[in-house]
Structure formats: structure tokens, C-alpha cells
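Following numbering that gives the first Met the number 0, the numbering of the sequence shown begins with 0 at its first residue and continues without gaps. We treat Cβ as the ideally placed atom computed from N, Cα and C, and that holds for glycine. Input: a single structure, listed below in C-alpha cells.
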Amino acid sequence: MNETPRAADRSTVDPAEIARFEAIAAQWWDPAGKFRPLHKFNPVRLGWIRDHLTAHFGRDGSAPKPLAGLRVLDVGCGGGLVAEPMARLGAEVVAIDAAERNVAVARLHAEQVGLAIDYRCATAESLVAAGETFDAVLSLEVVEHVADVDRFLESCATLVRPGGALVVATINRTPQAFALAIVGAEYVLRWLPRGTHQWSKFVRPSELARALRPTGVILRELAGVAYNPLSDSWRIGRDLGVNYLAFATR
Numbered sequence: 000m001n002e003t004p005r006a007a008d009r010s011t012v013d014p015a016e017i018a019r020f021e022a023i024a025a026q027w028w029d030p031a032g033k034f035r036p037l038h039k040f041n042p043v044r045l046g047w048i049r050d051h052l053t054a055h056f057g058r059d060g061s062a063p064k065p066l067a068g069l070r071v072l073d074v075g076c077g078g079g080l081v082a083e084p085m086a087r088l089g090a091e092v093v094a095i096d097a098a099e100r101n102v103a104v105a106r107l108h109a110e111q112v113g114l115a116i117d118y119r120c121a122t123a124e125s126l127v128a129a130g131e132t133f134d135a136v137l138s139l140e141v142v143e144h145v146a147d148v149d150r151f152l153e154s155c156a157t158l159v160r161p162g163g164a165l166v167v168a169t170i171n172r173t174p175q176a177f178a179l180a181i182v183g184a185e186y187v188l189r190w191l192p193r194g195t196h197q198w199s200k201f202v203r204p205s206e207l208a209r210a211l212r213p214t215g216v217i218l219r220e221l222a223g224v225a226y227n228p229l230s231d232s233w234r235i236g237r238d239l240g241v242n243y244l245a246f247a248t249r
């Protein structure tokens, strides 16, 4: 991490974060396990992503495979909870993660369900160095775990082809987020292991916008993802106080 910020191969990986997720990698596909929150709000955020990508690329969202012909990158893919639905929508999916165990779990699950996904143990920076580009780049619940947010977002943006799109999902740095995403999710409800999140690494929408501004990618929309404890459900709305989604285009 002593290289200059502009070095093409400079990694934004935080080894402590990678070790934390590798320790629970086997539970990615257990809807009642450590990744229960992702399973619960995955359908909501996937619907939002599908709608925005189909609208941006002029596709019929009701078609069986509306993303056919599009090359999509999932950065920080974990066990494949986003990569697999993108593949089912017809996209040619490349999915990367810095944790070897995550990639192994994701690859095995894709084989078991008969999906062709190009899983790699790699970083966004390594793909930039290789000159790869994509129609759409997705990075969901990853930004708050990297060592250098600006550099990571720059790398993700660089991977977006002209006319392409970038989707980012992360957590706002607010007292509300500390109460719900850390105290509530990790200590009260015990959805996640303690220490999964650090409030100081949460990213405000203004910080996300500032980081993207010099990359040539234009932030088009922000949407909140809020949890309703009474119905045990998630919904898309205007409240950006905790979880939020960002849609940007080049």
C-alpha cells in the first residue's frame, strides 16, 4: 500500500476484510445463515438494477433474457448472489472477488445449477491493468470494505465502456446507519458477525459523487433501501439514511 495512488496495479483490497469474509464463505447460499440480510433484500435491489439496466440499454424488461448480449462485471461477487441472477437475465457475466474461498463457493454453486459464469479471484485494479471493459459494472456492498474508496471507484468507473453503466450499493455514514447496520444487525438481531462493518468506512452519497466526478462517469440516480421490521421486508424508497443504491452512466 506504499505505492502511489495512480499506480495501475495498486490494490484497494483490505486483507482484514477479506479474511473476515473468507471465514464465513461456506454460508453464502444459506438464507438463514450469516448472509441472511443479503438474501432478504437481494430481490428488491436486483429488481431495481434490472429495471435501470433495461431502461438504459433500451431493452424489454419483460423479456425472458433482457440483458442478452451485454457483458456485465460483478466486483466483489462473494458467493454469487448477484452474478447468478444477472446470468439468468441473459448477461455474459464476469464475477471477481479477492477472496479465494468466495470464488470457489460461487463457482461450485454455479456449476450445480448449470450457469456459465466467468468467476475469477481478481481485483478491479487488475482488470483495469488488463484493459478489460464492460457494458455494466456492479459493486454491491463492497465499497464500505475496501482500503481506498476513491481508487476503488475510479477503477470500477474505468471498467465501464462508453455508453455503459455503473451500479454501486453501500451504506451511508449516519447515526441512523450506526444504529441499524451495526448495533441492530450485528449486536441485537445478530444477522451478521460482530465487526462485519466499521462505521468510519461507510460512504456518504456526497463522497460517492465526489469520487466519481473526475472519472467521466455521471451519477444519475440515488435510491434508498429500507428495512421494515414489522413486515420483515425491504423496499426501495427515498430514505438514504442507511443502505442506498447509485446508478451512474458513461
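Beta bridge pairing from DSSP links Val224 with Ile235, Asn242.
In this structure, Asp149 sits near Ala210, with a CB-CB distance shorter than 8 Å. Just measuring C-alpha positions, the residue of Leu221, Trp233, Gly236, Asp96 sitting nearest Thr248 is Leu221.
Excluding five sequence positions before and after Gly236, the CB atoms of its chain that fall closer than 6 Å to its own CB belong to Gly223, Ala225, given in chain order. Taking a cut-off of 8 Å for Cβ pairs, the stretch 128-142 and the stretch 156-167 touch, as three or more such pairs fall below it. The beta-bridge partner set that DSSP reports for Phe201 is empty. For Arg119, DSSP records a beta bridge to Ile95. By the Cβ rule, the stretch 66-82 counts as touching the stretch 22-40, because three or more pairs are nearer than 8 Å.
Excluding sequence positions up to five before and after Lys39, its CB lies within less than 7 Å of the CB of Trp233, all in the same chain and listed in chain order. The straight-line gap separating the alpha-carbon atoms of Arg119 and Thr214 is approximately 25 Å.
Taking the Cα of Val12 as reference, the smallest distance to any Cα among Leu179, Arg212, Asp147 is reached at Asp147. Setting aside the 5 residues that flank it on each side, Arg106 is surrounded in the same chain by Tyr118, each with a C-beta closer than 6 Å to its C-beta; the list follows chain order.
Going by DSSP, Ile48 is part of no beta strand (DSSP E) but of the alpha helix (DSSP H) stretching over 35-55.
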